[in-house]
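Data block below; observations after.
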Amino acid sequence: MSTTASPVRARRLPPRERPGAPMLLGHGRLPRVLAGTALVVLAAVWLLPLVWAVATSVQSEQDVAKPGLSPFKGAFTLDAYQQILERGNVTVWAANSFLVAGLVTLITVAVSTLAAYGFSRGGFRGRRLLLTVTVAAVMVPPQLLVVPLFEQMLMFDLVDTYAAMILPQVVAPMMVFILKRFFDGVPRELEDAARLDGASEVRVFLSVVLPLSRPIVAAVSIFVFIGAWNNFMWPFIVTNDPGLMTLPVGLATVKDAFGIQYAQAMASALLAALPLVVVFLLFQRRIVSSVATTGLGGA
Amino acid sequence: MTTTTPVGAPAPTGERPPVVSPRRRTGRRGPGPLFVLPFAVPFVLFLVWPVLQGIWMSFTDSSLALRDTSFVGLDNYAEAFGDPDVWSSLGNTVLFTAASSVPLVLVALAMALLVHSGLAGQWVWRLSFFVPYLLPVTVVTLIWTWLYQPDVGLGNELLGALGLEPVGWLSDESVAMWSVAALTVWWTVGFNFLLYLAALQSLPTVFDEAAALDGAGAWRRLWSVTLPQLRRTTVLVAMLQILASLKVFDQIYILTKGGPNGSTRPILEYVYDVGFTGYRLGYASAVSYVFFALVIVVSLAQLRLFRQED
Amino acid sequence: MPGPGPAPGIGRRRLLRYGAAGASALLATGSLTGCSSRASASDASALNVWDLFQGGDGMLMDDMIRAVSKGSDGFDVDRTILDWGPSYYTKLAMSAAGGRASDVAVLHLSRLAGYAPGGLLDPFDLDLLAEFGVTEKHFTPAVWARTKHEGVVYAIPLDVHPFIVFYDRDAADRAGLLDTEGELAPMGSPKAMLEAGKALAEVTGKSGILFGHVTDTAQNWRQFAALYAQTGAAFTLPDGGPAEIDTDAAVQVVSFMQQLFDGRTNPNNLDYNSALAGFLGGRGGMAMLGEWELPTLRKSGIPLGAAPFPQVFGKPAVYTDSHSYVLPHQSSPDPARRRQAHRYVAEILKQSLTWASAGHIPAYQPVLAEPAYAKLDPQSSYADAGKVAVLDPPNWFAGAASNFQNRMCQPLQSALLGNTSAEKAVRQMVREANTLLRQPNPVA
Numbered sequence: 001m002s003t004t005a006s007p008v009r010a011r012r013l014p015p016r017e018r019p020g021a022p023m024l025l026g027h028g029r030l031p032r033v034l035a036g037t038a039l040v041v042l043a044a045v046w047l048l049p050l051v052w053a054v055a056t057s058v059q060s061e062q063d064v065a066k067p068g069l070s071p072f073k074g075a076f077t078l079d080a081y082q083q084i085l086e087r088g089n090v091t092v093w094a095a096n097s098f099l100v101a102g103l104v105t106l107i108t109v110a111v112s113t114l115a116a117y118g119f120s121r122g123g124f125r126g127r128r129l130l131l132t133v134t135v136a137a138v139m140v141p142p143q144l145l146v147v148p149l150f151e152q153m154l155m156f157d158l159v160d161t162y163a164a165m166i167l168p169q170v171v172a173p174m175m176v177f178i179l180k181r182f183f184d185g186v187p188r189e190l191e192d193a194a195r196l197d198g199a200s201e202v203r204v205f206l207s208v209v210l211p212l213s214r215p216i217v218a219a220v221s222i223f224v225f226i227g228a229w230n231n232f233m234w235p236f237i238v239t240n241d242p243g244l245m246t247l248p249v250g251l252a253t254v255k256d257a258f259g260i261q262y263a264q265a266m267a268s269a270l271l272a273a274l275p276l277v278v279v280f281l282l283f284q285r286r287i288v289s290s291v292a293t294t295g296l297g298g299a
Numbered sequence: 001m002t003t004t005t006p007v008g009a010p011a012p013t014g015e016r017p018p019v020v021s022p023r024r025r026t027g028r029r030g031p032g033p034l035f036v037l038p039f040a041v042p043f044v045l046f047l048v049w050p051v052l053q054g055i056w057m058s059f060t061d062s063s064l065a066l067r068d069t070s071f072v073g074l075d076n077y078a079e080a081f082g083d084p085d086v087w088s089s090l091g092n093t094v095l096f097t098a099a100s101s102v103p104l105v106l107v108a109l110a111m112a113l114l115v116h117s118g119l120a121g122q123w124v125w126r127l128s129f130f131v132p133y134l135l136p137v138t139v140v141t142l143i144w145t146w147l148y149q150p151d152v153g154l155g156n157e158l159l160g161a162l163g164l165e166p167v168g169w170l171s172d173e174s175v176a177m178w179s180v181a182a183l184t185v186w187w188t189v190g191f192n193f194l195l196y197l198a199a200l201q202s203l204p205t206v207f208d209e210a211a212a213l214d215g216a217g218a219w220r221r222l223w224s225v226t227l228p229q230l231r232r233t234t235v236l237v238a239m240l241q242i243l244a245s246l247k248v249f250d251q252i253y254i255l256t257k258g259g260p261n262g263s264t265r266p267i268l269e270y271v272y273d274v275g276f277t278g279y280r281l282g283y284a285s286a287v288s289y290v291f292f293a294l295v296i297v298v299s300l301a302q303l304r305l306f307r308q309e310d
Numbered sequence: 001m002p003g004p005g006p007a008p009g010i011g012r013r014r015l016l017r018y019g020a021a022g023a024s025a026l027l028a029t030g031s032l033t034g035c036s037s038r039a040s041a042s043d044a045s046a047l048n049v050w051d052l053f054q055g056g057d058g059m060l061m062d063d064m065i066r067a068v069s070k071g072s073d074g075f076d077v078d079r080t081i082l083d084w085g086p087s088y089y090t091k092l093a094m095s096a097a098g099g100r101a102s103d104v105a106v107l108h109l110s111r112l113a114g115y116a117p118g119g120l121l122d123p124f125d126l127d128l129l130a131e132f133g134v135t136e137k138h139f140t141p142a143v144w145a146r147t148k149h150e151g152v153v154y155a156i157p158l159d160v161h162p163f164i165v166f167y168d169r170d171a172a173d174r175a176g177l178l179d180t181e182g183e184l185a186p187m188g189s190p191k192a193m194l195e196a197g198k199a200l201a202e203v204t205g206k207s208g209i210l211f212g213h214v215t216d217t218a219q220n221w222r223q224f225a226a227l228y229a230q231t232g233a234a235f236t237l238p239d240g241g242p243a244e245i246d247t248d249a250a251v252q253v254v255s256f257m258q259q260l261f262d263g264r265t266n267p268n269n270l271d272y273n274s275a276l277a278g279f280l281g282g283r284g285g286m287a288m289l290g291e292w293e294l295p296t297l298r299k300s301g302i303p304l305g306a307a308p309f310p311q312v313f314g315k316p317a318v319y320t321d322s323h324s325y326v327l328p329h330q331s332s333p334d335p336a337r338r339r340q341a342h343r344y345v346a347e348i349l350k351q352s353l354t355w356a357s358a359g360h361i362p363a364y365q366p367v368l369a370e371p372a373y374a375k376l377d378p379q380s381s382y383a384d385a386g387k388v389a390v391l392d393p394p395n396w397f398a399g400a401a402s403n404f405q406n407r408m409c410q411p412l413q414s415a416l417l418g419n420t421s422a423e424k425a426v427r428q429m430v431r432e433a434n435t436l437l438r439q440p441n442p443v444a
């Protein structure tokens, strides 16, 4: 299928501006109605769990436990949210999540961009070997390394520290690979011109290369941030102290004295979901395109 | 990570030929190795080292408890191959991969085709299908634990309204894995949906238009024009999805802890169970590497398949 | 026991740590590692306490913590509750291995053999405890004996929580099972218990004795262990195997269980919750459960009686476990905090009357002697269970919420459901035990 164009370019063509798109359904009424119905049903099925969770979260525990198919079985109340916020755990975990995901993104993007540029421009011994190992490492699922990584953290005396959560997450061979392919496609004339003007390599990178790569760096950053924000297994394994846990880990691990209370469970789930959903609403187009770009390995 | 972490897929398409300037061949100027160093150090420390350390540990009786370790040769591997729990959890992993990957590809494709058909409200559709993907795993499991709640959960309430018997969504051995798969499809399909949508939007429209001029109907054009054009994307999405599903741990661990009676326990949870719950880090490493071998075989097989597609 | 106990496991890992400290400094993460657990916690001075109590127990523990937090020398407690079961024990072990564990944690006494030998717990300073009014003589010998590893005390028991029988007083009365004081009369033989089941079934018009076990990871083992201990036979799990199990006694016990839960008089196919619901709904006259179900049962309004698990074989014995306090291993404990930890344990023990209201028998004997305890009904009717307490055979893989209990339950479940014979089930249990024993012991 050599005619398949790259999805990277897709974002430049929002669907409604494409003249061909509506043609897919032809001019008949029936296909449109069928497609529309299917779409509405699918979207309803996909939104139902969230709607149900929201409805549950704004009722009292007693009302929630009543049988019946109605989403609202009692009076509206924000008690569940109030209790969750008063307990304060969710706020601590959210702060930890921002700290960890933020630092992971910052460090990953910085070191990956530098390395990708270095690999792309080459000119040093061992480049081929290191590049080959990096590409091969894409095949190593990080989940398979949790046991030796934990042993390593025991050795470094880092279990139950932020460093232990962050450091292993900054190694992202896939992102280096994606960025390198981008740099491979960037003409070198501008850099060379800057070099002729006497600019240092660091300066060339910062003032010539980086501005050109803003879109891809943004895409990679978004992708890394979503990944780090939602990462569960490694932070779960390496933290035991509730004061250090990220949102997904804390919510899954720490219980409260009363036992399971569904209104509160839904309230805390929705509070934990909020930050990324807000980010998505703000940067929808960028996130969509970054998933398309990085998801297929920058194809 | 979520089940759709897109690692494991090597270069899917041929690289664009790098723009080679004459200066490059002389190698006179360039960023040099210092640019690679900040990546290389953590790469060696937190990826290469653990890979090697894991191999070493798999030959020892390394324990979580604070005591000395000794070399045990191939004992751990011998034990792993004879351990029925290794095989049953591998079986569960494969079952989950099949049960989740097929709908994760097909439903994503259907969603993308429907959205791409140009109906109004693009924004709403994309939001509905993709938002679950942005939720941390625990949020998803909290919500679905509630939906699967046996007495007043939505699942059994719906069955009750239809006059059906309640189902032990997470407590029935023959149902639990399907419940987990359903949750996973809901959670991560949005990612594949976006990949398909991006591919659809970049398809050249000439073939479709030509077919339409020839009088082909919508259905016909879907089968004969659009789907064949999506073949490559489908192979890619399926590859990524299979590798991601094989690595399932998070949602199963939180939802069922591998139960009831081990019926949903994937291999990665078995690694966690024997390594951390059972202290036997050495044995857990050996089990990891048995699984690693499987992942590599699947990756290489997929790579071959993909090359042939080209 | 002055001073710390043996310091196990200063091995390769610790040595490597010092070397690695340099490496991590090189990574310029010094500032990050500095933000280790204690420093980052919201208030660094609070005593960190871990437990696995939710529901009724969880709220009573809240009350007890509130009680010891009052006053000028009250504690500032940062309580963490984790899910009951393997996930709690995994996190406890991992935090202790990491060296930044909580100051105090709850541990089932039956799990001690999986923690103390591996260096995952630090020993108690008994002099310090004595200073706060808690000494060996405050506990029953049967329980105290299980707090030690190699002669060193690693756990201070909070309670004893036996597997007992609850009964409907009216039904038991009509079935003629009560003594002159209105308590459950001793049974004394397997036949007597079978008869009791029949009599109760007649009275209720449904079932006699309810027991939920299907897909449960402990109930069958509790039932079996309770009866097996009464035969007087030994059940020991020596490292490397083979397991020392009296198969004749075991077959006798399993056959009796099959007879008792025959599917007619007493149902054989209930899971935990349906057995509980059945008893609450009056569909049975007696239920075999842990005493921790007392708060739930009491709410039902059934005229509730309770008794130690009836003795039907030769020797008085009650299967039980014990929530105890331990000091998870810390690589550099602060002496002042350690002192506070000891005082906290002592103070909480003195609150155990509150704890008893959930059904648990306080391990701290002075509370049992209080008149207020004698008034607790039905708790006081099974208070003697602590004296004949039998816990899981000590081994690193056994104990509450362990893989061992789960594996023992599978063949027992098959036997009760009629899918296998008592002999085959016992052979399977022996095989499972031997498989576990053949695994290298990771804590030795």
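Protein chains in written order, with the numbering used here: chain A, 1 to 299; chain B, 1 to 310; chain C, 1 to 444.
Backbone N, C-alpha and C define an ideal beta-carbon position, used for all residues, glycine too.
Which class does residue i belong to by DSSP, given the choice of helix, strand or coil?
{"i": "T233 (chain B)", "result": "helix"}
{"i": "S268 (chain A)", "result": "helix"}
{"i": "F150 (chain A)", "result": "helix"}
{"i": "R23 (chain B)", "result": "With a pLDDT of 45 at R23 (chain B), under the threshold of 50, the modelled position of that residue is not reliable, and the figure given next carries that caveat. It is helical."}
{"i": "T264 (chain B)", "result": "coil"}
{"i": "C35 (chain C)", "result": "Legend: pLDDT at C35 (chain C) = 41, less than 50; position of this residue unreliable, no value from coordinates given."}
{"i": "G98 (chain C)", "result": "helix"}
{"i": "G22 (chain C)", "result": "With a pLDDT of only 48 at G22 (chain C), under the threshold of 50, the placement of this residue in the model should not be trusted; the figure read from the coordinates follows. Here G22 (chain C) sits in helix by DSSP."}
{"i": "S274 (chain C)", "result": "helix"}
{"i": "W56 (chain B)", "result": "helix"}
{"i": "D172 (chain B)", "result": "coil"}
Residues of chain A with CB under 9 Å from residue i, in chain order?
{"i": "T97 (chain B)", "result": "Those do not exist, as T97 (chain B) stays about 13 Å from chain A at its closest Cβ, beyond 9 Å."}
{"i": "Q54 (chain C)", "result": "K255, D256, A257, F258, G259, I260"}
{"i": "L114 (chain B)", "result": "A35, G36, A38, L39, L42"}
Relative to the C-alpha of residue i, which candidate in the options has its C-alpha closest?
{"i": "W52 (chain A)", "options": "B:V86, B:T145, B:W56", "result": "B:T145"}
{"i": "R112 (chain C)", "options": "C:F75, C:S331, C:N395", "result": "The question names Arg, yet the displayed sequence has Leu at residue 112 (chain C). Considering only alpha carbons, the answer is C:N395."}
{"i": "V137 (chain B)", "options": "B:T234, B:V185, B:G30", "result": "B:V185"}
{"i": "P141 (chain A)", "options": "B:Y289, B:D61, B:R307, B:V206", "result": "B:Y289"}
{"i": "E151 (chain A)", "options": "C:V251, C:I348, C:P117, C:G99", "result": "C:G99"}
{"i": "D76 (chain C)", "options": "C:N403, C:S331, C:R337", "result": "C:R337"}
{"i": "L158 (chain C)", "options": "C:K350, C:I245, C:E244, C:K424", "result": "C:K350"}
{"i": "T236 (chain C)", "options": "C:P442, C:A444, C:V443, C:M429", "result": "C:M429"}
{"i": "N230 (chain A)", "options": "A:K73, A:L144, A:P248", "result": "A:P248"}
Against chain F, with Cβ distances strictly below 8 Å, would residue i count as a contact?
{"i": "T80 (chain C)", "result": "The structure shown contains no chain F; its protein chains are A, B and C."}
Using the beta-carbon of each residue, which ones in chain A are nearer than 8 Å to residue i?
{"i": "E165 (chain B)", "result": "Going along chain A, no residue has its Cβ under 8 Å from E165 (chain B), so there is no contact; the nearest lies around 15 Å."}
{"i": "D334 (chain C)", "result": "Near D334 (chain C) there are no residues of chain A at all, since even the closest Cβ is about 16 Å away, more than 8 Å."}
Can you pull the chain C residues whose beta carbon is under 7 Å from the beta carbon of residue i, in chain order?
{"i": "P148 (chain A)", "result": "The contacting residues do not exist; P148 (chain A) stays about 13 Å from chain C at best."}
Taking Cβ-Cβ distances shorter than 7 Å, what residues in chain A pair up with residue i?
{"i": "R100 (chain C)", "result": "V159, D160, D241"}
| Would you call the segment 48–58 of chain C and the segment 258–267 of chain A in contact, with 3 or more CB pairs under 8 Å? | Contact between the segment 48–58 of chain C and the segment 258–267 of chain A is present, because at least three Cβ pairs lie under 8 Å.
| Inter-stretch contact (C-beta, 8 Å, three-pair minimum) for the segment 208–217 of chain B and the segment 263–281 of chain B | With the cut-off at 8 Å, the segment 208–217 of chain B and the segment 263–281 of chain B do not touch.
| said: What ranges does the alpha helix (DSSP H) occupy inside the segment 143–222 of chain A, keeping only unbroken runs of at least 4 residues that lie completely in it? | reply: Taken in chain order, the complete alpha helix (DSSP H) segments of 4 residues or longer contained in the segment 143–222 of chain A are 146–155, 162–166, 173–184, 189–196, 201–204.
| query | Fully enclosed by the segment 174–230 of chain B, which alpha helix (DSSP H) runs are 4 residues long or longer? | reply | List check, alpha helix (DSSP H) in window: 176–201, 206–213, 218–221.
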